[in-house]
Each structure stands twice: as C-alpha cells, then as structure tokens.
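Protein chains in written order, with this note's numbering: chain A, 18 to 270; chain B, 227 to 463.
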C-alpha cells in the first residue's frame, strides 16, 4: 500500500505540473465566463445557457485530460525510461500501471468536482449541489472510460495513435445509438446493423450523457443510474486489466 | 556464495513484423559471487544492456533462468532520466518508500547517502537543475539508500567528465569496502581494472570469458588482453 501511495503521490505531482492541466482548467473557466456573456443575451434561457455551457466546459476539460494523460502518462515513462528504476524496486508492473490510472481518477474526481462546485456557486446555488454532482458523475465516468482506453492503447502503440484512437472510441460510443436509429428510419439495414453492433463492441457513453438542465429538474432513476455506473465501471475494469496483461508481457527495451 | 546466477539465457528481437528475428543473447550463463565487484565488458551491441535488462526483469528472455534476490537490489540505469520536478530529498524519499516498509530513519539515511555521493548541499535543489554528473550521483544515491546487497550499474561512468568519473569511482570503492556486491557494465577498461576482481566478457551475444580479472589479463594490462581476445574472436569469424 505504501508503494502505491508513493507512486500515486509522484504521479499527481507530475500531472499537476503539466502545462496542459492548467490550459484545460483555464479553458473550462473561460467557458464559464462565456456562458455568462451569452446568458446575458437571453431573458428566458439565461440559466439554461449558463448551466449547459458550464457543464460543457467541465466535460471538455475531462475529455481532453483523459485523452492526453491516458496516452502520455505511461508512454512518457517508457520513452524517458524513468520507470526502469521504479520497476527494479520490487514494484510490479501491474501496481505501476494501476498507480497511473488511480492518479487520473483521483485528480479528475477532485478537480472536476471543484469546477462543478464553482459552477454551482456561479449559478447562485439555485440548484441542488447533489443533483449537479450526480450529473457530473456521468461526465466523470465517460472520462474514466476514455482515459482507460487511451492507457490501454498507449501500452501497445505510440501516444499520438493512442490519443487519436481513444477520441475515435469516444465519438463512436456516442454516435452508435444515433447511427442505429438513423439506419432504421431510412430503411438501411447495413447502417442499422453497424449502429447495433457498435453498441455491443464499444461502451455506451451516450447513456451517461446527463449534461442538461432537464436531468437536474427531472433526476434519473436510481436503477438507471446504477445500470450506467455498472456498465461503464465494467468497461474501466476491463480496459485496465487488459492494459495490465499487455504491459506485463511487454519488453521494456 | 552466489548472489546472481544466469543460466542458458537466450533472447531474440524482431525489427519488423515480416523481418526474421535476430539473436541478441545466445545461451549465456554466468555467476556473480557475493561481496565481489564484477565488470561486464563487451563492444557496442554485444548484448550488455539486454542482459542487464533481462536480469532486472524488464525484458522477458525466450529461454533460461535468472536467480537474484530482488528485495535487496540497487540499480543505476545507463541514461540518468528521473522525475526532474522533485528535489534530491523528495526523489530519495520516493525510492525509500518503494523499498522500505516503514518511514522511520529516512532523514538519517538520506543525509548519509547524500553525503556519500557529495550532494548534501543540493538536498533541496530540483533535479532539473542538476548537471549530468550530479544526476549520475543522485542516481547512485537512490540505488544505495535502502542499503542493498547487490548493485547493478549500467555504464555508471559513461559521458562523465574526469572529475565525475573519479567521484563515481571513489563511491564504488567505498561500497566495495563495505562488502557490497557490484555488477557493472562499462567501456572504460582502465576503470574496470582498478575496481573489479572478476570479469564477464560478452561478444556478439555469447559469453567468451567469465572468471577473475587477474587470470584474464595475466601479466598484461586489461586493455591489451582485451585487444588480443577481440582479435582472436574476429579471426575465428
């Protein structure tokens, strides 16, 4: 446990010192500010605009972090060979990889929640904070899945490919339902089959898309919430275990 | 007493999917005895770093076995690349936590090891401000902080200026006097001659000599003995 704590501690320091972290947090705050600007243009939809822009900022920051850190955290260690000294110390490769994953989950969990609390305060605390955090949990899960996918890909390929491919997974996972729906509507069986199959081959990220004022005014049922969490957590576990298995077999030349 | 035993180790790499595999290590075997300093010599591309990486578990050999107590091991890599956002103390604390179950005694161990490598004044300096020689020494400090029985060093003196080399040599001499087992690769035969008692020579992935340094060089210098061996091997084709 002490080894894992030490590894996470160093990884957190590394992540926080990366310029990109601050760029994405600034981007999110910029979107908060823009939401106020756009919100002031509307009389009826001000709150809706503020909330949607705010959650969009948080979501995009999470996605950016997941793609970049997922594809770089481990790859950087392999490229610079900083991991060699660590792995010579009776630290298993599984533990090393797990520390990288936990670092992202912890940092984005804390950072994202802080941004949501900031948004809640900016909105004058007119909504329930619990409901807003519930909405954020969907976005958080999406980021966790994309991070795990990028990490898995980075064990097997270069970071640029891993980052691009994980972004592709994100898009497919969001559009698969719509592709199937569109295929059915236009009567195209191939398109429909592609949409249906992708829903089984890729995580169903669209199920966690709760970033709307609708879900704050009409919260999702606990059953649906639990199903989504179980489904996406299973994907996270699957991807991390797959990363561990492939990382254990990889030669660190 | 043997602390490291390598038996019939073989490793091949493939450069491309359709390329045939080329053998880097071909059935190598050798032993390292406790408390002795052993040099690992070979030309560039002979397989030194691959052998060390196999021993440390970074590369999986195709066949063969390695016996080594990994609990008590200190390793210095060829390229000193570390977490440069940490200070020397934070860096050593990190490796202390990876190696020792408790945090007691770290402060004393940290000061002792930094004093040993001559970096006590730079205890709170970020590693990114360190020169190559200082990085090499702090790398050696992380290898020593948990008082390991065995030290495995990959080219510990490569790329250092004369002063840096002398400092590293002095540290290794002191470690040797403390009874630590040292196994290191190097191109610098003169340093090896001063430091080592035993020698393992690798050529094109095969062990061509393993034994004491004295019996290898006999009356000549290590450099001329090594030159002779190389000519013999090249003559053999």
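Just so you know, even glycine gets a beta-carbon here, dropped at the ideal spot from N, CA and C.
How is the alpha helix (DSSP H) around residue 176(A) delimited, first residue to last? Within the first chain, numbered from 1, the residue matching residue 176(A) stands at position 159. Looking at the DSSP string, the run of the alpha helix (DSSP H) that includes residue 176(A) is 176–203.
Along chain A, which residues have their Cβ under 8 Å away from the Cβ of residue 323(B)? As a first step, residue 323(B) is located in the second chain; it is residue number 97 there, counting from the start. What residue 323(B) touches in chain A: 19, 20, 22 and 23.
Are at least three pairs of beta-carbons, each pair with one atom in the segment 341–350 of chain B and one in the segment 288–300 of chain B, less than 8 Å apart? Short answer: they don't touch.
Just checking: is the beta-carbon of residue 123(A) within a distance shorter than 8 Å of some beta-carbon in chain B? Numbered from 1 along the first chain, position 106 holds the residue referred to as residue 123(A). No, because no Cβ of chain B sits closer than 8 Å to the Cβ of residue 123(A).
Beta-carbon proximity of residue 193(A) to residue 216(A), cut-off 8 Å: Taking the first chain and counting its residues from 1, one reaches residue 193(A) at position 176. Taking the first chain and counting its residues from 1, one reaches residue 216(A) at position 199. Yes, the pair counts as a contact, with Cβ atoms nearer than the cut-off.
Can you tell which of 443(B), 429(B) and 441(B) has the C-alpha that lies nearest to the C-alpha of residue 273(B)? In the second chain, the residue the question calls residue 273(B) occupies position 47. Looking at the Cα atoms, 429(B) is the closest of the given residues.
With a CB to CB cut of under 6 Å and the five nearest residues on each side skipped, what residues in its chain are close to residue 144(A)? Indexing the first chain from 1 puts residue 144(A) at position 127. The residues are 233.
For residue 228(A) and residue 357(A), believed in contact at Cβ under 8 Å, the rounded distance: Here chain A comprises residues numbered 18 to 270, so residue 357(A) is not present and cannot be evaluated.
Meets three-Cβ-pair contact criterion under 8 Å: the segment 228–241 of chain B and the segment 170–189 of chain A: Result no; under three Cβ-Cβ pairs closer than 8 Å.
DSSP bridge partner residues for residue 293(B) (one or two, in chain order): Here residue 293(B) refers to the residue found at position 67 of the second chain. 231(B).
Quick one, which of 446(B), 438(B), 447(B) and 427(B) has its alpha-carbon nearest residue 275(B)'s? Stepping through the second chain from its first residue, residue 275(B) is reached at position 49. For residue 275(B), the nearest C-alpha among the options comes from 427(B).
Are the C-beta of residue 99(A) and some C-beta of chain B separated by less than 8 Å? Stepping through the first chain from its first residue, residue 99(A) is reached at position 82. Yes, because at least one Cβ of chain B sits closer than 8 Å to the Cβ of residue 99(A).
When the cut-off is 8 Å and only beta carbons count, does residue 119(A) lie next to chain B? Locating residue 119(A) in the first chain gives position 102, counting from the first residue. With 8 Å as the cut-off, residue 119(A) does not count as an interface residue toward chain B.
Please state whether the Cβ-Cβ distance between residue 361(B) and residue 382(B) is less than 8 Å. As a first step, residue 361(B) is located in the second chain; it is residue number 135 there, counting from the start. As a first step, residue 382(B) is located in the second chain; it is residue number 156 there, counting from the start. Not closer than 8 Å, so no.
Just how far apart, CA to CA, sit residue 20(A) and residue 308(B)? Within the first chain, residue 20(A) is the residue found at index 3, counting from 1. Within the second chain, residue 308(B) is the residue found at index 82, counting from 1. Whole-angstrom Cα-Cα distance: 17 Å.
Who are the Cβ neighbours of residue 418(B) in its own chain at under 7 Å, not counting the five residues just before and after it? For this step, residue 418(B) is matched to residue 192 along the second chain. Correct list, in chain order: 265, 267, 412 and 448.
Going along the chain, which residues of its own chain have a beta-carbon closer than 7 Å to the beta-carbon of residue 278(B), five neighbours each way excluded? One-based indexing of the second chain puts residue 278(B) at position 52. Result list for residue 278(B): 378, 380 and 411, in chain order.
Give the secondary structure of residue 70(A) by DSSP, where H, G and I count as helix, E and B as strand, and everything else as coil. On the first chain, residue 70(A) is found 53 positions in, with the first residue counted as 1. In this structure, residue 70(A) counts as helix in the three-state DSSP scheme.
Closest by CA to residue 38(A), which one among 111(A), 85(A), 47(A) and 69(A)? In the first chain, the residue the question calls residue 38(A) occupies position 21. Measuring from the Cα of residue 38(A), the nearest candidate turns out to be 85(A).
Given that a residue counts as buried once 16 or more other Cβ atoms are within 10 Å of its Cβ, and exposed if not, what is residue 157(A)? Position 140 of the first chain, counted from the start, is the residue given in the question as residue 157(A). The residue is buried, with at least 16 neighbouring Cβ atoms inside 10 Å.
Applying the 10 Å Cβ sphere with the 16-neighbour rule, what's the burial state of residue 149(A)? The sequence position of residue 149(A) within the first chain is 132, counting from 1. Answer is buried; the Cβ neighbour count reaches 16.
Distance cut-off 7 Å: residue 421(B) Cβ against heavy atoms of the ligand SAH: Looking at this structure, you won't find the ligand SAH or any other ligand, since it has none at all.
Take residue 260(B) and list the residues in its own chain whose beta-carbon comes closer than 6 Å to its own, dropping the five residues that flank it on each side. In the second chain, residue 260(B) corresponds to position 34, counting from 1. Cβ contact annotation for residue 260(B) (same chain, cutoff 6 Å, sequence separation greater than five): 227, 229 and 407, in chain order.
Contact set for residue 159(A): own chain, Cβ-Cβ below 6 Å, skip 5 residues either direction: Here residue 159(A) refers to the residue found at position 142 of the first chain. The residues are 222 and 225.
Can you tell me which of 443(B), 395(B) and 320(B) puts its alpha carbon nearest to the alpha carbon of residue 451(B)? Position 225 of the second chain holds residue 451(B). Among 443(B), 395(B) and 320(B), the Cα nearest to that of residue 451(B) belongs to 443(B).
Three or more C-beta pairs below 8 Å linking the segment 162–177 of chain A and the segment 253–265 of chain A: yes
For residue 428(B), the first and last residue of its enclosing beta strand (DSSP E): As a position in the second chain, residue 428(B) is number 202, starting the count at 1. Per DSSP, residue 428(B) belongs to the beta strand (DSSP E) from 424–429.
Cα-Cα separation between residue 141(A) and residue 250(A), rounded to whole angstroms: Sequence index remark: in the first chain, residue 141(A) carries index 124 (1-based). Sequence index remark: in the first chain, residue 250(A) carries index 233 (1-based). Near 33 Å, if we compare the C-alpha coordinates of residue 250(A) and residue 141(A).
C-alpha distance - residue 243(A) paired with residue 323(B), whole-angstrom precision: Your numbering for residue 243(A) matches position 226 in the first chain. Your numbering for residue 323(B) matches position 97 in the second chain. Using only the alpha carbons, I get a separation of about 38 Å.
In three-state DSSP terms, what is residue 99(A)? Stepping through the first chain from its first residue, residue 99(A) is reached at position 82. DSSP places residue 99(A) in helix when its eight states are reduced to three.
Check whether the Cβ of residue 330(B) lies closer than 8 Å to any Cβ atom in chain A. As a first step, residue 330(B) is located in the second chain; it is residue number 104 there, counting from the start. No, no contact with chain A.
Could you check what DSSP says for residue 432(B) in three-state terms: helix, strand or coil? Numbered from its first residue, the second chain carries residue 432(B) at position 206. Of the three classes helix, strand and coil, the one that applies to residue 432(B) here is strand, per DSSP.
Quick check on the burial criterion: 16 or more other C-beta atoms within 10 angstroms. Buried or exposed for residue 286(B)? Start at 1 with the first residue of the second chain, and residue 286(B) comes out as number 60. Classification of residue 286(B): exposed, given that the 10 Å Cβ count is below 16.
For a test of the three-state rule: what should DSSP assign to residue 438(B), helix, strand or coil? As a working note, residue 438(B) is residue 212 in the second chain. Residue 438(B) falls in the strand class under three-state DSSP.
Hey, which unbroken runs of the alpha helix (DSSP H) at 4 residues or more fall wholly within the segment 308–353 of chain B? 314–325 and 332–342
Contact criterion: CB-CB distance below 8 Å. Does residue 32(A) meet it with respect to chain B? Your numbering for residue 32(A) matches position 15 in the first chain. By this cut-off, residue 32(A) is not an interface position.
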